[in-house]
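Chain order of the listed sequences is A and B.
All residue numbers for the first sequence refer to my numbering, where the first residue is 54 and numbers rise by one.
All residue numbers for the second sequence refer to my numbering, where the first residue is 54 and numbers rise by one.
Have a look at the structure below before the remarks.
Number of protein chains: 2
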Amino acid sequence: MSSVCLSMEGGAAASTPAALPYYVAFSQLLGLTLVAMTGAWLGLYRGGIAWESDLQFNAHPLCMVIGLVFLQGDALLVYRVFRNEAKRTTKVLHGLLHVFALVIALVGLVAVFDYHRKKGYTDLYSLHSWCGILVFVLYLVQWLAGFSFFLFPGAPFSLRSRYRPQHIFFGATIFLLSVGTALLGLKEALLFSLGDKYSAFEPEGVLANVLGLLLACFGGAVLYILTRADWKRPSQAEEQALSMDFKTLTEGDSPGSQ
Amino acid sequence: MSSVCLSMEGGAAASTPAALPYYVAFSQLLGLTLVAMTGAWLGLYRGGIAWESDLQFNAHPLCMVIGLVFLQGDALLVYRVFRNEAKRTTKVLHGLLHVFALVIALVGLVAVFDYHRKKGYTDLYSLHSWCGILVFVLYLVQWLAGFSFFLFPGAPFSLRSRYRPQHIFFGATIFLLSVGTALLGLKEALLFSLGDKYSAFEPEGVLANVLGLLLACFGGAVLYILTRADWKRPSQAEEQALSMDFKTLTEGDSPGSQ
Chain A
54 MSSVCLSMEG GAAASTPAAL PYYVAFSQLL GLTLVAMTGA WLGLYRGGIA
104 WESDLQFNAH PLCMVIGLVF LQGDALLVYR VFRNEAKRTT KVLHGLLHVF
154 ALVIALVGLV AVFDYHRKKG YTDLYSLHSW CGILVFVLYL VQWLAGFSFF
204 LFPGAPFSLR SRYRPQHIFF GATIFLLSVG TALLGLKEAL LFSLGDKYSA
254 FEPEGVLANV LGLLLACFGG AVLYILTRAD WKRPSQAEEQ ALSMDFKTLT
304 EGDSPGSQ
Chain B
54 MSSVCLSMEG GAAASTPAAL PYYVAFSQLL GLTLVAMTGA WLGLYRGGIA
104 WESDLQFNAH PLCMVIGLVF LQGDALLVYR VFRNEAKRTT KVLHGLLHVF
154 ALVIALVGLV AVFDYHRKKG YTDLYSLHSW CGILVFVLYL VQWLAGFSFF
204 LFPGAPFSLR SRYRPQHIFF GATIFLLSVG TALLGLKEAL LFSLGDKYSA
254 FEPEGVLANV LGLLLACFGG AVLYILTRAD WKRPSQAEEQ ALSMDFKTLT
304 EGDSPGSQ
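Shown next, in the form of structure tokens:
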């Protein structure tokens with residue numbers, strides 16, 4: 054669909070598919086609205102955020118939405134957006150966004166465990182917390198495996214090309230599970246505090262429901278951009294040349310298979 | 054990866070990838086355990102199911118898990134499992150499984166609205182119900198569009214091949230949203246009835262959390278089987294011959310592109 058032209062440096066610079074920037078812009082609009090609306094919900098109805106008080110809990114949803122939903126989603130889109138940069142640059146950006154996401158999510162986790170400890174609440178009894186721990190452990194393992202295989206020098210190319218599809222599948226799955234876990238957490242927060250007022254269409258309930266739909270829509274938008282076959286990042290001449298040296302690579306990863 | 058041999062009738066019968074049957078068997082084990090465990094949860098802790106009493110509500114989770122999770126998931130897998138049947142047979146099976154899923158889901162919807170009406174409860178205020186209505190409407194639209202484009206004779210081949218990737222994307226997305234909505238519903242049912250007992254690790258809470266993880270795992274297993282590139286259904290000779298007649302089809306749907 055998109056034409057391929059050779060650049061001066063000998064790398065193949067593919068033109069960007071016409072509709073891709075609009076879809077990416079839309080996903081970013083959804084993502085930023087999501088973060089803003091999470092902030093608005095916590096500010097308007099939950100008293101805002103502070104570390105050294107009961108408001109410490111509120112750092113949890115905000116950090117998780119910024120880290121494990123918005124930044125994680127954007128890290129997945131890096132390979133679609135930066136199509137013509139060197140693969141290594143894109144990789145480093147992908148890894149860095151995931152580091153930011155991981156650190157912010159860690160702050161969010163500390164916030165909720167610290168809050169529970171101070172209040173004497175039980176930890177890890179709910180479905181939200183079980184899914185959350187599962188997501189966080191998977192995310193950490195995926196990050197370490199991704200770093201070892203793709204960024205740390207030395208992993209053989211044949212191993213990289215075998216692990217690559219698994220990395221992509223688990224990356225998308227962990228992202229979707231993060232969105233699902235956020236929905237469960239939102240629901241929990243609403244049922245704990247709103248009680249009967251939820252069924253009376255209180256403004257907080259309606260706002261939080263819209264926030265939930267936005268979460269699902271952001272997940273859907275990222276998934277759509279990721280899975281459009283003709284939007285995949287084309288192989289570049291440098292990688293193609295490299296892959297010629299490794300017979301094992303040519304089968305599943307040939308330039309023509311994109 | 055998988056070798057292709059011409060059968061006696063002249064159709065191309067591709068061999069089944071070696072690992073596929075194990076993954077499908079595993080997904081079915083997960084799916085059946087999921088349905089059995091939903092039944093066990095409702096039977097052991099919620100008094101079972103009956104239409105003409107307060108137990109009418111319990112028909113809702115069971116019908117939704119059977120229809121919009123298990124049967125919908127299996128309908129998506131039909132094209133991976135029946136690789137060597139005629140495309141039309143597989144299509145009809147895909148459509149029929151979705152009809153069963155739709156009818157069972159409709160019974161589940163009637164159960165909860167009827168229960169709410171009898172009890173005087175408010176309808177459609179929660180995030181679970183908003184997501185649920187969204188899923189059901191999308192599912193209905195997807196079914197009608199799928200029927201009109203692919204089963205009803207007369208849709209031009211060029212239109213079919215343009216709509217096909219959208220149908221696949223929205224099919225997977227609606228399925229995942231169904232799983233997410235089921236998780237929200239489960240969480241709602243637990244928080245409504247267990248209250249403080251949830252944090253005391255009551256058996257019902259633990260069982261329902263395991264049920265929630267099973268739901269997520271079934272979603273993940275179906276997604277994995279669907280997205281493995283080398284497990285996609287190969288084009289068959291009859292379709293290949295047909296596609297020769299329609300130049301518009303050959304670009305994105307050629308036999309070699311699988």
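Where is the CB? At the ideal position from N, CA and C, for every residue including glycine.
Within the stretch 246 to 260 of chain B, contact with chain A at the beta-carbon level (separation under 7 angstroms) is assigned to Tyr251, Ser252, Phe254, Gly258.
With the criterion set as a beta carbon lying under 9 angstroms from some beta carbon of chain A, the members of the stretch 266 to 277 of chain B are Leu266, Ala269, Gly272, Gly273, Leu276, Tyr277, in sequence order.
Secondary structure note for Asp167/A: its alpha helix (DSSP H) is the uninterrupted segment 140 to 172.
Glu257/A is positioned such that its CB atom lies closer than 8 angstroms to that of Leu247/A.
Contact between the stretch 92 to 99 of chain A and the stretch 132 to 143 of chain A is absent: fewer than three C-beta pairs spanning the two stretches fall below 8 angstroms.
Leu279/B and Val131/B have their C-alpha atoms some 10 angstroms from each other. For Phe189/B, the uninterrupted alpha helix (DSSP H) run begins and ends at 180 to 199, by DSSP.
Around the C-beta of Phe254/B, fewer than 16 other C-beta atoms lie within 10 Å, and the residue is accordingly described as exposed. In the DSSP annotation of this structure, the continuous segment of the alpha helix (DSSP H) that includes Asp127/A starts and ends at 125 to 134.
Residue burial annotation: Pro74/A is exposed, with fewer than 16 other C-beta atoms found within 10 angstroms of its C-beta. With fewer than 16 other Cβ atoms from the protein chains shown falling within 10 Å of its own Cβ, Trp104/A counts as exposed. At a cut-off of 8 angstroms, the C-beta of Thr91/A has no neighbouring C-beta in chain B. Unbroken alpha helix (DSSP H) stretches of 4 residues or longer found wholly inside the stretch 83 to 122 of chain A: 112 to 117, given in chain order. Leu180/A sits away from Leu230/A, with the two beta carbons spaced by 8 angstroms or more. Following the DSSP letters along the chain, one finds Thr280/A inside the alpha helix (DSSP H) bounded by residues 256 to 280.
Chain-ordered listing is empty here: chain B has no CB closer than 9 angstroms to the CB of Gly148/A, the nearest sitting near 23 angstroms. Taking a C-beta cut-off of 8 angstroms against chain B, the contacting residues of the stretch 166 to 190 of chain A are Tyr174, Thr175, Tyr178, Ser179, Leu180, His181, Trp183, Cys184, Leu187, listed in chain order. The beta carbon of Ala208/B sits closer than 6 angstroms to those of Phe202, all from its chain and outside the five residues before and after it, given in chain order. Under the Cβ criterion of 8 angstroms, Leu97/B is not counted among the residues facing chain A.
Between Val118/A and Val88/A a beta carbon distance of about 6 angstroms is seen, short of the 8 angstroms cut, so the two are scored as contacting. CA-to-CA, the gap between Arg213/B and Thr143/B works out to about 16 angstroms. If you ignore the 5 residues before and after Leu267/A, its C-beta comes within less than 8 angstroms of the C-beta of Leu83, Thr86, Leu87, Met90, all in its own chain and listed in chain order. Thr175/A sits exposed, since fewer than 16 C-beta atoms from the chains shown fall within 10 Å of its C-beta. The distance from the Cβ of Gly233/A to that of His220/A is about 20 angstroms, inconsistent with a contact at the 8 angstroms cut-off.
By the CB criterion at 8 angstroms, Pro114/B and Leu129/B fall outside the cutoff. For Gly148/A, the closest C-alpha among the options Arg170/A, Ala139/A, Gln125/A is that of Gln125/A. In the three-state scheme derived from DSSP, where H, G and I count as helix and E and B as strand, Ser288/A is classed as coil. Under a criterion of Cβ atoms nearer than 9 angstroms, the residues of chain B adjacent to Leu244/A are, in order, Ser179, Lys240, Glu241, Leu244, Phe245. In chain order, Phe110, His113 place their CB closer than 7 angstroms to the CB of Val165/B, counting only its own chain and leaving out the 5 sequence neighbours on each side.
Secondary structure note for Leu212/A: its alpha helix (DSSP H) is the uninterrupted segment 210 to 247. Counting every other CB atom within 10 Å of its CB across the protein chains shown gives Asp127/A a total of 16 or more, marking it as buried.
Shown here, Asp176/B sits in coil according to DSSP, grouped into three states, outside any helix or strand.
For a Cβ distance threshold of 7 angstroms, nothing in chain B lies close to Gly126/A: the least Cβ distance comes to about 15 angstroms. For Thr142/A, not one C-beta of chain B is nearer than 8 angstroms to its own C-beta.
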